[in-house]
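S.K.:
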Amino acid sequence: MITYRRILDEELNLGLFGDFIRRQVVVDCLRQVEGKWVVKADPFIDDWSKEDYEVLAACLKNTLKTGGFVYGAFLENRLKGFVSVEAELFGGENRYLDLTSIHVSQDMRRSGIGRELFAAAKGWAREQGARKLYISAHSAVESQRFYQSMGCGEAMEYNKKHVEAEPYDCQLECVL
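Its first residue numbered 25, the sequence shown is counted upward by one per residue in the working numbering.
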């Protein structure tokens with residue numbers, strides 16, 4: 025049975041991710057061409073190295089340190105999914121909070137974990153006074169289908185920091 029709970033600062037180390045499988049085989053991605061979103065073949069494998077996990081753990085620790093939200097899905101005390109939301113509101117009238125990560129282990133995808141994590145992130149963001157979640161989302165067609173099913177659409181206002189960091193990401197928002 026999957027259990028969901030906040031992840032504590034002291035848990036955020038490489039050991040937490042020992043049973044987490046990031047691997048995603050990507051075939052098609054959404055790309056903006058002449059102002060329109062189109063599906064383009066762009067095959068690659070997205071996976072994380074030990075160094076990537078170290079950076080992730082440090083980023084999630086910073087999220088907690090600055091008052092943000094880090095929440096996980098566990099199967100037999102092993103991390104199988106997580107979501108993070110930063111605490112700082114931005115975007116003027118849009119009142120965005122930044123959903124900086126949502127990932128489900130490859131062995132547990134399509135089991136409803138992503139939906140539960142996303143719902144928890146929305147609830148927390150709403151409690152913080154946000155009107156919308158902002159997501160700089162992986163452009164893989166499968167990832168975009170997930171976000172669409174969660175009610176996300178193209179962001180009304182793009183976050184320049186995200187666009188510069190990940191120019192192929194899709195900039196999305198979800199009204200709370």
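C-beta atoms are modelled at their ideal positions from N, C-alpha and C, and glycine is treated no differently.
1. Taking the Cβ atom as the reference point for each residue, do Ser108 and Phe93 lie within a distance shorter than 8 Å?
2. DSSP three-state call for Ile126: helix, strand or coil?
3. Determine the contact status of Val165 and Cys53, defining contact as a CB-CB distance below 8 Å.
4. Give me the Cα-Cα distance between Ser135 and Ile26, rounded to the nearest whole angstrom.
5. Can the beta-carbon of Thr124 be found less than 8 Å from the beta-carbon of Ala111?
6. With burial defined as no fewer than 16 other Cβ atoms inside 10 Å of the residue's Cβ, what is the status of Val128: buried or exposed?
7. Just to confirm my understanding: we take Leu103, look at its own chain, exclude 5 residues before and 5 after, and list those with CB closer than 6 Å. What are they?
8. Taking the beta carbon of Lys184 as the centre, do at least 16 other beta carbons fall within 10 Å, making it buried, or is it exposed?
9. Taking just the CA atoms, how far does Glu78 sit from Phe106?
10. Tyr182 by DSSP, collapsed to three states: which one?
11. Is the distance from the Cβ of Gln195 to the Cβ of Tyr182 below 8 Å?
12. Identify every residue that forms a DSSP beta bridge with Arg29.
13. Could you check whether Asn118 and Lys156 sit closer than 8 Å to each other, using their CB atoms as the reference points?
14. Starting from Ile137, follow the alpha helix (DSSP H) in both directions and report where the run begins and ends.
15. The beta strand (DSSP E) that contains Arg46, what's its start and end?
16. What residue does the beta strand (DSSP E) around Glu197 start on, and which one ends it?
M.R.: For this structure:
1. The residue labelled residue 108 in the question sits at position 84 within the sequence shown. The residue labelled residue 93 in the question sits at position 69 within the sequence shown. Remark: C-beta atoms of Ser108 and Phe93 approach each other more closely than 8 Å.
2. As a position in the sequence shown, residue 126 is number 102, starting the count at 1. Looking at Ile126 - three-state DSSP - the assignment turns out to be strand.
3. Residue mapping note: residue 165 aligns to position 141 of the sequence shown, counting from 1. Residue mapping note: residue 53 aligns to position 29 of the sequence shown, counting from 1. Yes; because the gap between Cβ atoms is below 8 Å, this pair is in contact.
4. Here residue 135 corresponds to residue number 111 of the sequence shown, with the count starting at 1. Here residue 26 corresponds to residue number 2 of the sequence shown, with the count starting at 1. The straight-line gap from Cα to Cα measures roughly 10 Å.
5. Position 100 of the sequence shown holds residue 124. Position 87 of the sequence shown holds residue 111. Taking 8 Å as the cut-off, the beta carbon of Thr124 is found no closer than this to the beta carbon of Ala111.
6. Locating residue 128 in the sequence shown gives position 104, counting from the first residue. With 16 or more other CB atoms across the displayed protein chains lying within 10 angstroms of its CB, Val128 is buried.
7. Counted from its first residue, the sequence shown places residue 103 at position 79. So the list reads Leu40, Phe44 and Gly96, once near-sequence residues are dropped.
8. Sequence index remark: in the sequence shown, residue 184 carries index 160 (1-based). Exposed, by the Cβ-count rule.
9. Along the sequence shown, read from residue 1 onward, the residue named residue 106 stands at position 82. Along the sequence shown, read from residue 1 onward, the residue named residue 78 stands at position 54. So the two alpha carbons sit approximately 15 Å from each other.
10. For the purposes of this step, residue 182 is identified with residue 158 of the sequence shown, where counting begins at 1. Of the three classes helix, strand and coil, the one that applies to Tyr182 here is coil, per DSSP.
11. By 1-based counting over the sequence shown, the position of residue 195 is 171. By 1-based counting over the sequence shown, the position of residue 182 is 158. A contact, by the Cβ cut-off of 8 Å.
12. Counting from one through the sequence shown, the residue named residue 29 turns up at place 5. In the DSSP assignment, Arg29 is bridged to Gly96.
13. Your numbering for residue 156 matches position 132 in the sequence shown. Your numbering for residue 118 matches position 94 in the sequence shown. Yes, they are a contact pair.
14. As a working mapping, residue 137 is identified with position 113 in the sequence shown. Per DSSP, Ile137 belongs to the alpha helix (DSSP H) from Ile137 to Glu151.
15. Within the sequence shown, the letter at position 22 stands for residue 46. Note, Arg46: premise wrong, no beta strand (DSSP E); not H, not E.
16. Counted from its first residue, the sequence shown places residue 197 at position 173. Taken as a continuous stretch (DSSP letters only), the beta strand (DSSP E) holding Glu197 covers Cys194 to Val199.
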